[in-house]
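> Numbering (this note's numbering), first residue to last: 529 to 1082.
Before we start, here is the structure in question, set down as structure tokens.
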């Protein structure tokens, strides 16, 4: 296996020997390939009896038909193997008895960001009896980039000073998954490490932009404020189940704060009610009193978050000294559109008073509810970004974990909000990026030689421009989207018939605020409406079968 890492992408070349066919062989041989998240096959070939078989690419349906015909001609049956958790599948049919095939295939995969490091995650082997692989990894970094540290399959790499293209050789685990991970020297401010490249498209005027942003984990640089104010949503949209979750979340926040922390709370809906006349130490009795005040059976119509924020501003007016306060907003996110980020920030008073606040926003709903809309996350993210804050959308199952990590992020200067491309379009890459986390994107039609990034960080607008060099044509990926079938490769010689197919999409598509595995209600409604419309047969758009003609080069 050979892995070349260029910027935010990796090109992986795999070579393996496969013995197929024997006296009793009556069916094909099937190999399952579990590719990394977001991977795309680039091409495939095989070495058979001294001949190099180059595989033709095309729609999977056409390739499947051609391959089935070669099976039928030899009276071979197709193996019935369920395609579960499989990214791609290789079918090999022996046409002239037993033979050994040297199979080669290549795929590209985007890097991810985990714990402040860029990572290529290689899934475990799907083979029944796998063997360790000899792996060579080459880093091909931009001119100004240097590795700070790297590891391959858990083995730290000894790096030479100023080495931009180190070559590493290791042996992979026999079955377990493994990683190639690294961190770069230096940092681009709040953006952290950023790498970008252009991937050639179908013509010289079209290319895709691959970019990865990875914020590093940093030591805590700020102490938590000595006093916390909790704003707990008690509007009717929260519901009894949601209020029970919000009470558990409020308790988790207070129990995670330092023991000497003082706190108060405001229950808000159409009106705002302060729970305690004065701030109290977060003792068990005080926390129990707050939980009792957040009664799931006493909810109110309407949501007026600015009014409760104005009450916070009034408390700030009477506060003595320069002490900062931690403002924790717990809500289901059903905030009217009229309550914009600018209006919410203005409700907290003049800028000199706002500087005494740190902001932590939790958006939480019961599992059966619709997910929080992306627009709300963006809007509240812009609000939190003015205060060096943190925003989290969480479920009831991981409250304690999210609370702890959120407080850590707050001590590391908070999230980077509204991360987007510079320019008129301003495509949003992520509503917020926490310390130690990142964003990896493949964007179509961005042909610029560099890329500009913009984000909101600690009340200011941060900007960065990085170069995006063009990759070689061999990095070109098989085009695939929701309107096209997955790509496939097919070829045939006198000795073997070979078919490689992708099993469904492997790209990480944006959820757009919709939880994976849950259908968007608007999509469901439109689908039901379309079900009653007259149907028309779509014209065939598949290329001619001649495109699948096998080719072999001696």
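Every residue, glycine too, gets a C-beta built ideally from N, C-alpha and C.
As the structure is a computational prediction, the values presented were derived from the model and not from experiment.
If you follow the beta strand (DSSP E) that residue 545 is in, where does it begin and where does it stop?
It spans 537-548 - the beta strand (DSSP E) in which residue 545 sits, taken as one unbroken run.
> Can you tell me where the beta strand (DSSP E) holding residue 648 begins and where it ends?
Unbroken beta strand (DSSP E) run through residue 648: 645-650.
> Count the other CB atoms within 10 Å of the CB of residue 695; is the residue buried (16 or more) or exposed (fewer)?
Burial call: exposed.
> Since I believe residue 648 is in contact with residue 676 (beta carbons under 8 Å), could you give me their beta-carbon distance rounded to a whole number of angstroms?
The Cβ separation is near 17 Å, so there is no contact.
> Taking only three categories from DSSP, how would you classify residue 889?
Residue 889 falls in the strand class under three-state DSSP.
> Helix, strand or coil for residue 897 per DSSP?
Looking at residue 897 - three-state DSSP - the assignment turns out to be coil, as it is neither helix nor strand.
> Check each candidate in 921, 978, 888 and 973 and name the one with the smallest Cα separation from residue 936.
Nearest of 921, 978, 888 and 973 to residue 936, Cα basis: 888.
> Would you check if the region 929-946 and the region 909-920 touch, i.e. whether three or more CB-CB distances between them fall below 8 Å?
In short, these stretches touch, since the Cβ pair count reaches three.
> Inspect the beta-carbon positions of residue 859 and residue 760 and report whether they are closer than 9 Å.
Contact: yes.
> Out of curiosity, what's the CA-to-CA distance linking residue 991 and residue 1003?
If I take the Cα positions, the gap works out to 29 Å.
> Taking C-beta to C-beta, are residue 997 and residue 702 nearer than 9 Å?
No, Cβ-Cβ distance for residue 997 and residue 702 is not below 9 Å.
> As an exercise, report each continuous beta strand (DSSP E) stretch of at least 3 residues that is fully enclosed by the region 706-767, in chain order.
The qualifying runs are 706-712, 721-728, 735-742 and 755-761.
> In the structure shown, what three-state DSSP assignment does residue 852 receive?
Three-state DSSP puts residue 852 in coil, outside helix and strand.
> Please report how far the alpha carbon of residue 586 lies from the alpha carbon of residue 798, in whole angstroms.
Distance between the alpha carbons of residue 586 and residue 798 is about 59 Å.
> In whole angstroms, what is the alpha-carbon distance linking residue 768 and residue 879?
Spanning the two alpha carbons is a distance of roughly 37 Å.
> Does the region 743-754 come close enough to the region 783-794 that 3 or more CB-CB pairs lie under 8 Å?
Segments in contact, yes.
> So the beta strand (DSSP E) residue 533 belongs to, where does it begin and stop?
That run of the beta strand (DSSP E) goes 530-534.
> Under 8 Å Cβ to Cβ from residue 605, same chain only, skipping five residues before and after it: list those, please.
Taken in chain order, the residues that qualify are 554, 555, 556 and 599.
> By Cβ distance, which residues of its chain are closer than 8 Å to residue 596, with the 5 residues on each side in sequence left out?
606.
> Helix, strand or coil, according to DSSP, for residue 969 in the structure here?
Reduced to three states, the DSSP call for residue 969 is strand.
> From the DSSP output, in three-state form, read off residue 586 for me.
The answer is strand: DSSP assigns residue 586 an E or B state.
> Identify the residues that DSSP records as bridge partners of residue 619: which are they?
In DSSP, residue 619 forms a bridge with 558 and 1027.
> Return the CA-CA distance between residue 909 and residue 831, expressed in angstroms with no decimal places.
Rounded to whole angstroms, residue 909 to residue 831 spans 18 Å at the Cα level.
> Quick check on the DSSP output: the alpha helix (DSSP H) that includes residue 817 runs from which residue to which?
Run containing residue 817: 812-821, per the alpha helix (DSSP H) assignment.
> Can you tell me which of the three DSSP states residue 945 falls into?
Reduced to three states, the DSSP call for residue 945 is strand.
> Considering only residues of the same chain and omitting the five flanking positions on each side of residue 646, which have a CB-CB separation below 6 Å?
Only 639, 710 and 742 meet the Cβ criterion.
> Could you give the DSSP three-state label for residue 904: helix, strand or coil?
Helix.
> Would you report the Cα separation of residue 668 and residue 738, rounded to the nearest angstrom?
Rounded to whole angstroms, residue 668 to residue 738 spans 15 Å at the Cα level.
> Just the C-alpha distance for residue 1011 and residue 835, rounded to the nearest angstrom, thanks.
Residue placement at residue 1011 is poorly supported in this model, since its pLDDT is 39, which falls under 50; the coordinates still yield a value, given next. Each residue's Cα considered, the two are about 47 Å apart.
> Are there 16 or more other CB atoms within 10 angstroms of the CB of residue 903, so buried, or fewer, so exposed?
Counting Cβ neighbours within 10 Å, residue 903 comes out exposed, since fewer than 16 surround it.
> Under the rule that 16 or more other beta-carbon atoms within 10 Å means buried, what is residue 1071, buried or exposed?
Any reading at residue 1071 must be qualified, since the residue scores a pLDDT of 36, below 50, and its modelled position is unreliable; the value itself is stated next. By the neighbour-count rule (16 or more Cβ atoms within 10 Å), residue 1071 is not buried but exposed.
> Pull up the DSSP beta-bridge partners for residue 1017, would you.
BP columns for residue 1017 point to 585 and 1028.
> Would DSSP call residue 514 helix, strand or coil?
The structure shown does not extend to residue 514, since the chain is modelled only from 529 to 1082, so the question has no answer here.
> Counting only the same chain and skipping the five closest in sequence on each side, list residues whose C-beta sits under 7 Å from that of residue 539.
Taken in chain order, the residues that qualify are 532, 634, 636 and 1003.
> Across which residues does DSSP place residue 795 in a beta bridge pair?
760 and 801.
> With burial defined as no fewer than 16 other Cβ atoms inside 10 Å of the residue's Cβ, what is the status of residue 659: buried or exposed?
By the neighbour-count rule (16 or more Cβ atoms within 10 Å), residue 659 is not buried but exposed.
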